[in-house]
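Numbering (the working numbering), first residue to last: 30 to 266.
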């Protein structure tokens, strides 16, 4: 009976659940990319010497991490179109701009992801031994060269475990996007369970898919961590 419900084709819900899983991955990947960009910029702002810039970056991370991700999604869903319409009107566009559920989901989850990624990246940069940065300065390396050859490679090694956790959080936060009717995995499970009156089957299937995605992701980040640790010598006590 369970397998019949999950068959592909017109007689089952396999196609819809597979499409929902693909949509979940798409939202997670794009949101994570946005989060990495926002996180990097925010971390740079927090490490900068400009007090107003640091305050702005601190406000972003404090506010976003202090409210539920679902609230961020709702605020963007109901206020995003109005904000974009207002900006478009400033450039002479007279109509209303409607944001798609996909765009709202990606941006909202990306904003949340960026707030957490910022703290991971900031901590990783601060973990780079200060003496190495000073040595690079003494060798005459300009800022860009120091970043590329000294700071970023080592900070990435320190940041990978934390960024792996941010990815897992981002992947699971995509389930909240179902509230804006985006047909991701949880939304498809909800629709299928309502149509068949078999909620256990579809929610269990969704849980297994999430477990598969998170397990594969964890293995991938562990591989990246091992590659980043190549050539690193550790002191033997």
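C-beta atoms are modelled at their ideal positions from N, C-alpha and C, and glycine is treated no differently.
Item, Value
"Exposure of residue 186, with buried meaning 16 or more beta-carbon neighbours within 10 Å", "buried"
"Cβ-based burial, residue 210 [other Cβ within 10 Å; buried from 16]", "exposed"
"C-alpha gap between residue 88 and residue 72, whole angstroms", "12 angstroms"
"Sufficient close CB pairs (3 or more, under 8 angstroms) joining the stretch 33-43 to the stretch 191-205", "no"
"Secondary structure of residue 103, DSSP reduced to three states", "helix"
"Backbone secondary structure at residue 79 - three-state DSSP", "coil"
"Pairwise C-alpha distance: residue 228 and residue 219", "7 angstroms"
"CB contact flag (residue 243, residue 197, <8 angstroms)", "yes"
"For residue 98 and residue 141, believed in contact at Cβ under 8 angstroms, the rounded distance", "5 angstroms"
"Status (buried if at least 16 other CB within 10 Å, exposed otherwise) for residue 240", "exposed"
"For residue 127, three-class secondary structure by DSSP", "coil"
"For residue 134 and residue 121, the rounded distance between their alpha carbons", "27 angstroms"
"Residue 255 to residue 67 span [Cα, whole Å]", "26 angstroms"
"Boundaries of the alpha helix (DSSP H) in which residue 226 is found, first to last residue", "That residue, residue 226, is in no alpha helix (DSSP H); it is neither H nor E in DSSP."
"Assigned exposure category for residue 91 - 16 Cβ within 10 Å defines buried", "exposed"
"Distance CB(residue 230)-CB(residue 100) smaller than 8 angstroms", "no"
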